[in-house]
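When you line the sequence shown up against my numbering, it's residues 6 to 261, in that order.
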Amino acid sequence: MRQAYAPEEKRIDYRNYRFTMSELILNLLIGLMLAWAIGHFFYDSLIVSAGLLVFIPAFLRYRRKDYGTRRRNELGMQFKDAVASISANQKAGYSIENSFREAWKDMTLLYGTRGIIVKELNHIRRGLDNNLVLEQMLLDLGARSGVDDIRQFGEVFAIAKRSGGNLTETIEMTAGMIEQKADVEQEIAVMISSRKMESNVMSLVPFFMILYMDLSSAGFFDELYHNVAGIAIMTVCLAIYVSSYLIAQKMVDIRI
């Protein structure tokens with residue numbers, strides 16, 4: 006008799022990223038360096054740098070969101086391969102439960118034991134061994150993943166299973182749709198990868214320009230420091246710089 010789904014351990018919620026200790030330390034250092042750079046290059050003031058430390062929590066939230074997005078993208082790409090493997094196993098004559106077990110083996114060979122999807126499939130495999138309900142585990146993964154394709158796959162699978170639909174055909178069709186979408190996203194990512202690199206390089210140019218002028222022509226920016234007019238001008242320049250950076254990030258963040 007199958008048991009109701011009750012995870013034996015707390016599963017990862019991919020919608021909310023948590024830094025590892027090394028990631029937290031790294032991003033704290035980046036935030037501190039950024040605060041120092043802005044205070045030094047735009048205002049020549051350690052007091053301003055110290056004042057900017059109040060924005061460190063906001064910076065960490067921004068970075069955590071970026072890390073989370075990258076992890077969800079990785080999960081989505083690996084899930085595409087997992088569904089393709091499940092579909093192939095179904096067509097080879099495996100039962101739906103054994104198709105997931107075989108997919109776990111395939112993904113372990115492809116991504117290693119540390120792969121995100123490998124851990125999730127291993128959780129499903131152990132759940133099946135304990136007579137847990139497959140569709141409920143998939144619905145749980147879809148809810149935690151924050152990835153539309155995974156959530157929709159779980160919902161479609163649950164409906165097909167309850168209604169007695171053709172699971173082999175349903176999974177094959179869903180796998181095809183997920184693969185097509187992933188291929189388009191990958192093509193877009195390749196097309197804009199150079200633009201992202203250019204955007205990242207250009208975001209550093211103002212700092213290098215100010216550093217170069219400061220080293221080659223000492224005192225060149227003195228008129229812009231430590232006076233009201235200069236502070237106002239540099240604040241406007243900083244606002245333009247930040248706005249340009251955010252706009253550039255939006256332009257290269259293309260989703261379908």
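Cβ atoms here follow ideal geometry from the backbone N, Cα and C, with glycine treated the same way.
(1) What's the gap between the Cα of Ile197 and the Cα of Gly169?
(2) Quick one, are the C-beta atoms of Ile155 and Phe105 less than 7 Å apart?
(3) Who pairs with Leu57 in a beta bridge, going by DSSP?
(4) Hey, is Leu137's beta-carbon within less than 7 Å of any beta-carbon in chain C?
(5) Assign Gln8 to buried or exposed, taking buried as 16 or more other Cβ atoms, counted over all protein chains shown, within 10 Å of its Cβ.
(6) Return the CA-CA distance between Phe64 and Gln254, expressed in angstroms with no decimal places.
(7) With the cut-off set at 7 Å, would you say Ala175 and Ala165 are in Cβ contact?
(8) DSSP puts Leu139 in a beta bridge; with which residues?
(9) Whole angstroms is fine: what's the gap from Gly235's alpha carbon to Arg69's?
(10) Spatial neighbours of Ala87 within its chain, please: C-beta separation below 7 Å, excluding the five flanking residues on both sides.
(11) Would you kindly report the start and end of the unbroken alpha helix (DSSP H) that includes Gly44?
(12) Quick one: what's got a C-beta closer than 6 Å to Phe158's C-beta in the same chain, skipping five residues either side?
(13) Please state if the CB of Tyr22 and the CB of Gly73 are separated by a distance shorter than 7 Å.
(14) Go to Leu133, then tell me how far its alpha helix (DSSP H) extends in each direction, as first and last residue.
(15) Grouping DSSP H, G and I as helix and E and B as strand, with all else coil, what is Asn78?
(16) For the alpha helix (DSSP H) containing Phe114, name the first residue and the last one.
(17) Rounded to whole angstroms, what's the CA-CA distance from Glu192 to Met202? Just pull it up for me.
(18) Distance, Cα to Cα, Tyr246 vs Leu33?
(19) Quick one: give me the first and last residue of the alpha helix (DSSP H) that Asn205 is part of.
Judging by the given coordinates:
(1) 43 Å
(2) no
(3) None; Leu57 has no bridge partner.
(4) The chain labelled as chain C is not found in the depicted structure, where only one protein chain is given.
(5) Any reading at Gln8 is ruled out, since the residue's pLDDT is 47, under 50, leaving its predicted position unreliable.
(6) 15 Å
(7) Note on residue identity: the sequence assigns Thr, not Ala, to residue 175. Yes, the pair counts as a contact, with Cβ atoms nearer than the cut-off.
(8) In DSSP, Leu139 forms no bridge with anything.
(9) 34 Å
(10) Ala108, Met112, Ile122, Leu126
(11) 26-48
(12) Thr179
(13) yes
(14) 121-134
(15) helix
(16) A small correction: the amino acid at residue 114 is Leu; Phe does not occupy that position in the sequence shown. 101-116 is the span of the alpha helix (DSSP H), which, as asked, contains Leu114.
(17) 16 Å
(18) 22 Å
(19) 172-221
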